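J.: Got a structure for you, written out below as structure tokens; questions coming shortly.
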Amino acid sequence: MDLPLGKWLFSSLGKKLVVAITGIILVSFVVGHLLGNLTFFFGPDLINAYALKLHALGPLLWVIRLALLATVVLHIGFTMLVWKENQAARPQKYAVNAPIQTTIFARTMRLTGLIVLAFIAFHLAHFTLHLINPSYATLHTDLDGQQVHDVYRMVVLGFSNPFVSGFYILSLALVAFHLSHGIGSLFQTLGLSSQTLRPVYEATGRIVAWALFAGYAAIPVSVLFFGLGKGVRP
Ligand code: HEM
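In short: position in the sequence shown from 1, add 11, done, that's our numbering.
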């Protein structure tokens, strides 16, 4: 491989690798964020302490946020480049109009990707920027003698609204749809493609995606249907 890095990055393999590596980073974030969110089930102190630790990172948190944003931009940009290349390579007319054997998860990647993006925009406006309910910014509680943001109460109040919970659960299902195919194809792109192992990759992608869905969806479901956090409601 004698191509300079810039040229190699935009080669067929380079583009696919950028999509795969940025995909791995984003999946790692989704797994890490879920592990942090699961502290919700252990009461207010744990999730509030976790949020406090995150915010205490100060400038480093901004570096992480910007790196995450850059990863999302690269993932989308290079996905579009790969898609354009595939379109260009596709023969214009088929002798027989036989659709390529593919799954609904694969066919809807661009649509579910866009919906994931819209969900993240709403989610940031909701729980990070407090634009949807500005009163969320004023929720504070005592943690070991210190006044901290009451993330626990914010999540309980947010998910007590059936429309908000319904919207999250639907969006989380679409995130799982996207990851279901995405994780499976990561293995292929990373050069691990093999006809025998393909079903294993696909099954792994599906299991991981729907396990993530179950973990995330358990939060709104437990608030809305099982009265979790009832005590902190206004
Ligand atoms: C039930 C599901 C979810 C809950 C309860 C939840 C909870 C939260 C909370 C409480 C925050 C604000 C943290 C703070 O500033 O103190 C947050 C931030 C965030 N969430 Fe979620 N989240 C969920 C699902 C997701 C999913 C599926 C994604 C990505 C696909 C995601 C991506 C983010 C991002 C990017 C941030 C901003 C982090 C930052 O820079 O501060 N979340 N989430």
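Positions of the beta carbon are idealized from the N, C-alpha and C atoms, including for glycine. Predicted model, so just to flag it, every value in this text is computed and none were measured.
#1: Using only the heavy atoms of ligand 1, determine whether one of them is closer than 6 Å to the beta carbon of residue 62.
#2: With a Cβ-Cβ cutoff of 7 Å, do residue 131 and residue 137 count as a contact?
#3: Taking 8 Å as the cut-off, does the stretch 190-210 touch the stretch 21-38 (at least 3 CB pairs, one atom from each stretch)?
#4: Within the same chain, show all residues whose beta-carbon is closer than 7 Å to that of residue 183, passing over the 5 residues directly before and after it, in chain order.
#5: Can you check the stretch 137-222 for any beta strand (DSSP E) of at least 3 residues that lies completely inside it and give the ranges in chain order?
#6: Going by DSSP, what residue range makes up the alpha helix (DSSP H) through residue 259?
#7: Whose CA, out of 48, 87, 24, lies closest to the CA of residue 33?
#8: My output table needs one value for residue 105: the three-state DSSP class, helix, strand or coil.
#9: Taking 8 Å as the threshold, find out whether the stretch 59-67 comes into contact with the stretch 150-168 through three or more Cβ pairs.
#10: So does residue 230 have its beta carbon nearer than 6 Å to some heavy atom of ligand 1?
#11: Hey, how far is the Cα of residue 129 from the Cα of residue 56?
#12: Is residue 48 near ligand 1, with its Cβ less than 6 Å from a heavy atom?
#13: Mind checking whether residue 6 and residue 234 have CB atoms under 7 Å apart?
#14: Helix, strand or coil: how does DSSP classify residue 14 here?
#15: Mapping the DSSP letters down to three states, classify residue 45 as helix, strand or coil.
#16: Take the Cβ of residue 173 as the centre, count every other Cβ of all protein chains shown within 10 Å, and call the residue buried at 16 or more, exposed below.
#17: With distances taken from CA atoms, which of 154, 46, 139 is nearest residue 148?
#18: How long is the line joining the alpha carbons of residue 79 and residue 239, rounded to whole angstroms?
#19: Nearest-angstrom Cα distance between residue 163 and residue 150?
#20: Residue 199 to residue 206, Cα distance in whole Å?
T.: This is what the structure holds:
#1: Along the sequence shown, read from residue 1 onward, the residue named residue 62 stands at position 51. For ligand 1, at least one heavy atom lies less than 6 Å from the Cβ of residue 62.
#2: Taking the sequence shown and counting its residues from 1, the one referred to as residue 131 is at position 120. Taking the sequence shown and counting its residues from 1, the one referred to as residue 137 is at position 126. Cβ atoms of residue 131 and residue 137: not closer than 7 Å.
#3: yes
#4: Position 172 of the sequence shown holds residue 183. Only 224, 227, 228 meet the Cβ criterion.
#5: 151-154, 157-160
#6: Lying before the first or after the last residue shown, residue 259 is absent from the chain, which here runs from 12 to 245.
#7: Here residue 33 refers to the residue found at position 22 when the sequence shown is read from its first residue. Measuring from the Cα of residue 33, the nearest candidate turns out to be 87.
#8: Within the sequence shown, the letter at position 94 stands for residue 105. Because residue 105 carries a pLDDT of 49, less than 50, the predicted location of this residue cannot be relied on, and no value is offered for it.
#9: yes
#10: Working through the sequence shown from its first residue, we reach residue 230 at position 219. The answer is yes for residue 230.
#11: Translated into the one-based positions of the sequence shown, residue 129 becomes position 118. Translated into the one-based positions of the sequence shown, residue 56 becomes position 45. Cα-Cα distance, rounded: 31 Å.
#12: On the sequence shown, position 37 is the one that residue 48 refers to. Within the cutoff, so yes.
#13: What is shown of the chain runs 12 to 245, which leaves residue 6 out entirely.
#14: Translated into the one-based positions of the sequence shown, residue 14 becomes position 3. Note: residue 14 maps to coil in three-state DSSP.
#15: Sequence index remark: in the sequence shown, residue 45 carries index 34 (1-based). Three-state result, residue 45: helix.
#16: Position 162 of the sequence shown, counted from the first residue, corresponds to residue 173. Exposed.
#17: Counting from one through the sequence shown, the residue named residue 148 turns up at place 137. Nearest C-alpha to residue 148: 139.
#18: Your numbering for residue 79 matches position 68 in the sequence shown. Your numbering for residue 239 matches position 228 in the sequence shown. Approximately 31 Å between the Cα atoms of the pair.
#19: One-based indexing of the sequence shown puts residue 163 at position 152. One-based indexing of the sequence shown puts residue 150 at position 139. C-alpha separation (whole angstroms): 10 Å.
#20: Within the sequence shown, numbered from 1, the residue matching residue 199 stands at position 188. Within the sequence shown, numbered from 1, the residue matching residue 206 stands at position 195. Cα to Cα, residue 199 sits roughly 10 Å from residue 206.
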